[in-house]
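Protein chains: 2
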Amino acid sequence: MTHILDETDRAILRSLQIDAAQSVDDISAKVHLSRNACWRRIKAMEQSGVITGRVALVDPAKVGAPLTAMVLIRTNAHDAKWMAEFQTTLRSLPEVVGAYRMTGDLDYVLRVRVADVPAYDNFYKRLTSRISVSDISASFVMEEIKDTTAVPL
Amino acid sequence: MTHILDETDRAILRSLQIDAAQSVDDISAKVHLSRNACWRRIKAMEQSGVITGRVALVDPAKVGAPLTAMVLIRTNAHDAKWMAEFQTTLRSLPEVVGAYRMTGDLDYVLRVRVADVPAYDNFYKRLTSRISVSDISASFVMEEIKDTTAVPL
DNA sequence: GGTGAAAGACATCCCAC
DNA sequence: GTGGGATGTCTTTCACC
Numbered sequence: 755m756t757h758i759l760d761e762t763d764r765a766i767l768r769s770l771q772i773d774a775a776q777s778v779d780d781i782s783a784k785v786h787l788s789r790n791a792c793w794r795r796i797k798a799m800e801q802s803g804v805i806t807g808r809v810a811l812v813d814p815a816k817v818g819a820p821l822t823a824m825v826l827i828r829t830n831a832h833d834a835k836w837m838a839e840f841q842t843t844l845r846s847l848p849e850v851v852g853a854y855r856m857t858g859d860l861d862y863v864l865r866v867r868v869a870d871v872p873a874y875d876n877f878y879k880r881l882t883s884r885i886s887v888s889d890i891s892a893s894f895v896m897e898e899i900k901d902t903t904a905v906p907l
Numbered sequence: 755m756t757h758i759l760d761e762t763d764r765a766i767l768r769s770l771q772i773d774a775a776q777s778v779d780d781i782s783a784k785v786h787l788s789r790n791a792c793w794r795r796i797k798a799m800e801q802s803g804v805i806t807g808r809v810a811l812v813d814p815a816k817v818g819a820p821l822t823a824m825v826l827i828r829t830n831a832h833d834a835k836w837m838a839e840f841q842t843t844l845r846s847l848p849e850v851v852g853a854y855r856m857t858g859d860l861d862y863v864l865r866v867r868v869a870d871v872p873a874y875d876n877f878y879k880r881l882t883s884r885i886s887v888s889d890i891s892a893s894f895v896m897e898e899i900k901d902t903t904a905v906p907l
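The listed protein sequences derive, respectively, from chains A and B. Each residue of the first sequence is one higher than the one before, starting from 755 at the first, in my numbering. Each residue of the second sequence is one higher than the one before, starting from 755 at the first, in my numbering.
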């Protein structure tokens, strides 16, 4: 099922990860391929799931969510029921843009986008009222040095 | 400069954050607007920087970077020179997909994408050879419960 | 804000190699 | 697998209500 990618495929992906609005003509010129061969490779990678989609990126600061919090969570409930509830809760909260179950002494890390600190507090209350955690702490992002959707290739 | 967004603009953004490949016709139907008015709004939001770009999303597991590490860094060097070097280093390392300066007792958090644990170790060595940090610890993502580029609207 | 129309650019598919 | 050419769809810009 997994497509084997050659250097040309990777070049196409690198280009599309930076800008998905460019035409197939432009990409084919960059990777030294005909419009057609290039188009077929892109379609194949969409089909095989290498390319999962194309999305528009929105400036969080300009739509009222300039603050990002990293939330570190420890829990003592590790049963399946608790985990299912926890996951459902996280998926239903739009402020949560990332949620990861971790190795080590951290159990979960969340990335949360909110308007300001009071909005985070409001989110915090909604989260903790729906699920029980033994330890939760938040750090706020002061500066985004790097934040990219581009996977290293 | 900041565009004031009404509910229709937000509906357009919500749709484009999920799928940027759909035609203006489809979007205009969803938000109950003419093709033309819809197109003008999208262009205006691109112009004003609300929409920062359109990118293709690539499945990390299918291109050889299935492992994500969260790296927590503490430092005792807070001078401008060190910070500039640190930032340049992070930006030049493609494995680093996110780098954030934080509040609280964490100084920096990195999101790093690599092939496996040995690849992380290799990255770790390259990083620490180029910049000095007082404390660095990594946790690996076992499960991605949620990971979205969509800003809450 | 809406309509319609017209230009060109573009994606898409079929063919031959 | 590659490239060429035909076709229809979409974007983009116009003038106008």
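For each residue, glycine too, the CB sits at the ideal point set by N, CA and C.
Thinking residue i and residue j are a contact (beta carbons under 8 Å), I'd like their distance in whole angstroms, please.
i                  : j                  : result
Met-837 of chain B : Val-895 of chain A : Between Val-895 of chain A and Met-837 of chain B the Cβ distance is about 15 Å, and since that is not below 8 Å, they are no contact.
Ala-853 of chain A : Leu-860 of chain A : With a Cβ gap of about 13 Å, Ala-853 of chain A and Leu-860 of chain A do not count as contacting.
Thr-822 of chain A : Val-809 of chain B : Not quite, the Cβ-Cβ distance comes to about 19 Å (not below 8 Å), so this is no contact.
Arg-867 of chain B : Val-851 of chain B : 5 Å
Ser-769 of chain A : Ile-758 of chain A : About 19 Å separates the two Cβ atoms, so there is no contact after all.
Gly-807 of chain A : Leu-811 of chain B : 5 Å
Val-817 of chain B : Val-905 of chain A : 6 Å
Gln-841 of chain A : Ile-899 of chain B : 5 Å
Ile-885 of chain B : Glu-849 of chain B : Not quite, the Cβ-Cβ distance comes to about 15 Å (not below 8 Å), so this is no contact.
Ala-869 of chain B : Ala-819 of chain B : 6 Å
Which residue marks the beginning of the beta strand (DSSP E) containing residue i, and which one marks its end?
i                  : result
Val-950 of chain A : A query on residue 950 of chain A cannot be resolved here, the shown segment of chain A reaching from 755 to 907 and no further.
Consult DSSP for residue i and reduce its assignment to one of helix, strand or coil.
i                  : result
Asp-779 of chain B : helix
Leu-847 of chain B : coil
Met-755 of chain A : For Met-755 of chain A, the predicted model reports a pLDDT of 48, less than 50, meaning its position is unreliable and no value from the coordinates is stated.
Leu-767 of chain B : helix
Asp-773 of chain B : coil
Leu-860 of chain A : coil
Ala-810 of chain B : strand
Ile-885 of chain A : coil
Asp-760 of chain A : coil
Asp-901 of chain B : strand
Ala-834 of chain B : helix
Pro-906 of chain A : coil
Give me the DSSP bridge partner(s) of residue i.
i                  : result
Arg-867 of chain A : A:Thr-822
Ala-892 of chain A : A:Val-825
Ile-805 of chain B : A:Val-812
Tyr-854 of chain B : A:Glu-898, B:Val-863
How do the segment 760-769 of chain A and the segment 786-796 of chain A stand: do at least 3 beta-carbon pairs fall below 8 Å, yes or no?
By the criterion of at least three beta-carbon pairs nearer than 8 Å, the segment 760-769 of chain A is in contact with the segment 786-796 of chain A.
The segment 825-839 of chain A in contact with the segment 886-900 of chain A per 3-pair CB rule at 8 Å:
Segments in contact, yes.
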